[in-house]
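Report on the following structure.
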Amino acid sequence: VDDGSTDSTRQIAARFPNVRYHYQRNHGLSVARHVGMDLATGEIIAYTDSDCFADEDWLYYLVSKLLETGASAVGGPNLLPTHDGPVAACVSASPGTPAHILIDDQVAEHIPGCNMAFWADRLRAIDGFDAVYTKAGDDVDVCWRLQAQGERIVYAPAAMVWHHRRSTVRAYLKQQIGYGEAEALLKRKHPDKFRGFRAESLWKGRIYTRAGLGLAAGKPVINYGQFASGMFQTIYSPPRIWWPLVALSLEWWLVAFLLIGLAIVFNPRVSVFGTTSWMEADPNRGFEAFHPKIVLFRPPPAEAVEEAFDAALLAQLGNPLLILPVLMLLTTAGVSYWVAMHIAQPVERAFARYRMRFQTIRIPERLRGLRRTWEAKAGRLLRRRQIDLWSETGVGRERLLEGLVALAKKNRWNIRVDPGWAPLDITFYGDRWCKINLTTATDNHGGGRLLTRVRLRLRATLFYNAVVFLLWYVLVLGWFGNRTPEPGIDYDHVITRPWKLLMDWVADNRWELALIPVLLMILWRLRVLWWQLNRTVMASILSVAEELGMTVVGAPDLLRRPALAPAPQPPQRRAAEQPVAAVLGESAVSSGPELVPQHAPQPAAPGEPLPGLQPAPVSTAPVVPSPPVAV
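Going by the working numbering, the sequence shown opens with residue 43, and the numbers climb by one from there.
Laid out in structure tokens, this is it:
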């Protein structure tokens with residue numbers, strides 16, 4: 043599958059008549075893989091990338107592993123070619139390269155997309171690849187969806203492909219930006235696989251890569267057995283310490299720069315090397331005595347150098363693939379390349395992850411149209427934050443939530459289904475500023491009668507909190523940065539010329555006062571977006587409830603009931619039955635579709651009810667008694 047390449051791929055493929063070649067416009071990585079799945083006619087579909095070349099026995103080992111284990115998917119290692127050059131060798135030992143994740147020596151939790159194979163029917167059973175992943179992440183999504191269906195993924199260590207790494211630092215960082223964007227999309231679809239606001243992925247297995255996993259706390263240990271009698275001697279890797287790598291994260295750099303600003307304001311003579319640990323006070327100097335007390339930690343470049351050395355020595359030194367990186371590390375250029383990639387990779391990847399999380403959040407236009415439709419129909423009901431739904435057919439909160447999830451998935455609305463660790467059911471995202479948490483509860487009134495209570499809670503997003511914090515930070519810097527010691531207050535001057543004193547105060551704090559309207563505008567904008575999101579979510583709830591045949595407590599006629607099938611024309615009745623038929627026709631017209639007979643009525647025997655006439659359902663929703671009125 044050629045996804046819009048501009049090189050000579052078409053001419054090269056034409057030399058091989060046995061190869062099926064398909065060209066399409068560029069739609070992204072996942073679309074190309076999905077198209078390959080649709081065009082494939084075999085029972086097993088194997089994938090590799092255009093920057094890979096496979097070993098001659100690659101397919102043999104992949105297929106053999108699938109047949110032996112009965113698993114749904116299989117993957118193998120991707121190795122660096124020996125002739126790729128020094129920069130590619132440095133990239134191979136840097137964090138963020140494609141790697142497999144193993145739970146044990148057979149079962150894999152993740153296999154990289156450059157070397158994987160699936161049973162075709164099982165891959166199609168989960169609808170293949172998601173088109174939203176245009177740069178990366180589609181292989182992770184497929185693995186997680188297969189495992190959610192109870193399928194198993196295995197690892198074939200002999201099924202090797204040679205994978206060319208990026209040949210420049212710029213290309214490497216561009217790849218990491220794509221990985222960061224994919225992580226943001228994965229977090230939105232699989233929230234239970236991530237933790238914290240930094241979107242750190244949770245893996246049960248071990249990531250087999252050379253860098254980015256922490257610093258080695260010791261040396262590898264080999265179990266030789268007593269008197270070196272061990273038959274299969276095992277090498278045990280030392281534990282990894284991850285916390286020093288925090289100094290390489292984007293969040294660390296942001297906190298460091300914020301503390302630099304505070305240090306410049308409160309104590310310009312301070313030397314900033316790390317982070318603030320406490321505030322020191324001097325009772326003889328007043329407020330100016332409060333200044334950041336700086337603790338010297340190892341700076342991020344030191345962590346990067348140690349991580350780079352550790353990555354170089356992680357594998358066996360006899361491996362010819364590592365001879366060139368180790369020799370480069372002994373030179374200034376090698377150290378510069380390696381350290382630069384270890385410092386820039388976490389920052390670039392995290393920045394792309396946050397940017398994607400904030401940019402791609404919006405309400406779909408189709409749901410905006412649904413909101414406008416229900417605004418004309420329900421009016422002020424959409425402004426409510428709590429609504430009660432009544433059902434006499436056993437429809438409860440589970441079917442309501444399933445309908446909301448299906449509606450959001452159909453319209454590609456960004457939602458988050460809680461995995462069970464928070465007191466809510468679904469989170470709806472309106473945009474980068476606000477979100478709504480939906481919580482439901484169902485009361486069983488017996489006889490299939492259920493009362494479902496739905497509550498909406500408006501919440502601010504991480505982006506909103508970060509912007510407000512930054513504005514307050516600038517306000518504090520400006521307020522205390524321009525503060526000058528004031529002499530004793532002349533109360534006579536205050537009484538005689540208060541306007542002059544007020545203008546002087548405004549002139550001294552004009553920049554700080556200018557931020558107050560900005561904060562008010564943000565709060566006003568947030569309120570508008572909140573109400574728009576609230577009305578959209580409420581319109582979605584009413585739409586799903588209408589399809590399920592539920593009614594709104596307090597407004598039973600708002601949601602239309604499912605109409606019955608139109609009845610055929612009744613046969614000609616006798617003259618004695620004509621008045622009754624006329625009454626029936628008038629009742630059917632005045633009462634709506636509930637009283638329309640489903641079948642043609644037949645003459646009834648005396649004393650028997652007329653067939654086909656179904657009484658209108660009587661609502662048994664709880665009725666709130668009116669308060670007594672004093673006469």
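Just so it is clear, CB atoms sit at the ideal spot from N, CA and C, and this is done for glycine as well.
The model shown is predicted, which means the values in this text are computed figures rather than measured ones.
Inset, instruction - Would you give the residue range spanned by the alpha helix (DSSP H) that D180 belongs to? - result: D180 to A190
Legend entry - Element boundaries [beta strand (DSSP E), containing Q428]: Q428 to S433
Inset, instruction - Mind checking which residues open and close the beta strand (DSSP E) that includes I264? - result: V263 to N265
Inset, instruction - Flag this pair as touching only if the segment 185–198 and the segment 72–83 have three or more C-beta atom pairs under 8 Å; answer yes or no. - result: By the criterion of at least three beta-carbon pairs nearer than 8 Å, the segment 185–198 is not in contact with the segment 72–83.
Legend entry - Buried or exposed (CB count within 10 angstroms, at least 16 for buried), Q36: This structure leaves residue 36 out entirely; the chain is present only between 43 and 673.
Inset, instruction - Would you check if the distance between the CB atom of L71 and the CB atom of T210 is smaller than 8 Å? - result: no
Inset, instruction - Could you check the C-alpha separation between G46 and H64 for me, to the nearest Å? - result: Each residue's alpha carbon lies about 10 Å from the other.
Inset, instruction - Assign L571 to buried or exposed, taking buried as 16 or more other Cβ atoms, counted over all protein chains shown, within 10 Å of its Cβ. - result: buried
Inset, instruction - Report the rounded CA-to-CA distance for A159 versus R491, giving the unit in angstroms. - result: 50 Å
Inset, instruction - To the nearest angstrom, report how far apart Y214 and E417 are at their CA atoms. - result: 50 Å
Inset, instruction - Give a yes or no on contact between the segment 50–59 and the segment 93–107, applying the rule of three or more CB pairs nearer than 8 Å. - result: no
Legend entry - Beta-carbon proximity of R248 to R413, cut-off 8 Å: no
Inset, instruction - Determine the contact status of L493 and I583, defining contact as a CB-CB distance below 8 Å. - result: no
Inset, instruction - Would you please state the rounded distance, in angstroms, between the beta carbons of V586 and L466? I believe it to be under 8 Å. - result: At roughly 18 Å, the Cβ-Cβ gap does not stay under 8 Å, so V586 and L466 are not in contact.
Inset, instruction - May I ask you to list the residues that DSSP assigns as paired with N68? - result: The partner list for N68 (beta bridge, DSSP) is empty, contrary to what the question assumes.
Inset, instruction - Note the first and the last residue of the continuous beta strand (DSSP E) segment covering R458. - result: Unbroken beta strand (DSSP E) run through R458: I457 to V459.
Legend entry - Short CB-CB distance (under 8 Å) between A150 and chain B: Protein chain content of the structure displayed is limited to a single chain, and chain B is not contained in it.
Inset, instruction - Closer than 7 Å by C-beta to D180: which residues in its own chain qualify, once you throw out the five before and the five after it? Chain order, please. - result: L71, S72, R75, G155, F171 and D172
Inset, instruction - Note down, in chain order, each residue of its chain lying with its Cβ closer than 7 Å to the Cβ of G436, except the 5 sequence neighbours on either side. - result: G490 and L492
Inset, instruction - Confirm, please, whether the CB-CB distance from L300 to Y506 is below 8 Å. - result: no
Legend entry - Cβ distance (whole Å) where I143 is taken to contact A135 below 8 Å: With 8 Å as the limit, I143 and A135 do not qualify as a contact, their Cβ atoms being about 18 Å apart.
Legend entry - Local Cβ density within 10 Å of V182, reported as buried at 16 or more and exposed below that: buried
Inset, instruction - Could you pull out every residue in the same chain whose Cβ sits closer than 6 Å to the Cβ of T593, ignoring the five residues on either side in sequence? - result: Excluding five sequence positions before and after T593, the CB atoms of its chain that fall closer than 6 Å to its own CB belong to W432 and L601, given in chain order.
Inset, instruction - Give me whichever residues DSSP pairs with M580 in a beta bridge. - result: In DSSP, M580 forms no bridge with anything.
Inset, instruction - Measure the alpha-carbon distance for W245 versus D234 and round it to whole angstroms. - result: Approximately 11 Å between the Cα atoms of the pair.
Legend entry - First and last residue of the uninterrupted alpha helix (DSSP H) at L600: Boundaries cannot be given for L600, as no alpha helix (DSSP H) includes it and DSSP labels it neither H nor E.
Inset, instruction - Would you tell me roughly how many angstroms separate the C-alpha atoms of G127 and V297, rounded to the nearest one? - result: Spanning the two alpha carbons is a distance of roughly 37 Å.
Legend entry - Cβ neighbour criterion (16 or more within 10 Å) applied to L409: By the C-beta density criterion, L409 is buried, having at least 16 other C-beta atoms within 10 angstroms.
Legend entry - Where the alpha helix (DSSP H) containing Y752 begins and where it ends: Residue 752 is absent from the structure shown; the chain starts at 43 and stops at 673.
Legend entry - Buried/exposed call for N157, threshold 16 Cβ in 10 Å: buried
Inset, instruction - Compute the Euclidean distance between the alpha carbons of T503 and R439, then round it to the nearest angstrom. - result: 26 Å
Inset, instruction - Can you give me the start and stop residues for the alpha helix (DSSP H) that L449 sits inside? - result: R439 to K452
Inset, instruction - Have a look at A450 and I168 and give me their C-alpha separation to the nearest angstrom. - result: 18 Å
Legend entry - V61 versus V43 - alpha carbon distance: 11 Å
Inset, instruction - Determine the DSSP secondary structure at F171, reduced to helix, strand or coil. - result: coil
Inset, instruction - Counting only the same chain and skipping the five closest in sequence on each side, list residues whose C-beta sits under 7 Å from that of L424. - result: W416, E417, R577, M580 and A581
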